[in-house]
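Residue numbers (our numbering): -17 to 94.
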């Protein structure tokens, strides 16, 4: 006796019969990975909904990526003032307060 198996997909959001093909969208949220089968319209709606968050975020590579370690070295406020002045004089865009970007710190270290 022969058997014939047929796979049919259903949209996980609205139950629409998708036939033999579906947009299987994979994503991760709060450390958990998900996949969902969607129609073309629902897949596009999901992409549009998360687009602002993806654009504002940064991509993490590697499965077991660990958080960056904080360094214990502190930069004195007098030194950060000198670094900010040097950066502004050399065309870097730095704010008057807050963290100085690593590329600016590296360029300052290389120049001094």
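C-beta atoms are modelled at their ideal positions from N, C-alpha and C, and glycine is treated no differently.
A Cβ-Cβ contact shorter than 8 Å links residue 69 with residue 86.
Relative to the Cα of residue 61, the nearest Cα in the group 16, 34, 13, 90 belongs to 90. With distances taken between CA atoms, residue -2 lies nearest to 22 out of 67, 22, -16, 63. Per DSSP, reduced to three states, the secondary structure at residue 32 is helical. Burial is judged here by how many other beta carbons sit within 10 angstroms of a residue's own beta carbon; residue 4 has at least 16 and is buried. Each residue's CA atom was taken as its position, placing residue 36 and residue 28 some 12 Å apart. The three-state secondary structure of residue 64, taken from DSSP, is helix. Taking the C-beta atoms as reference points, residue 18 is found no nearer than 8 Å to residue 32. About 7 Å separates the CB atoms of residue 1 and residue -9; that is less than 8 Å, so the two are in contact.
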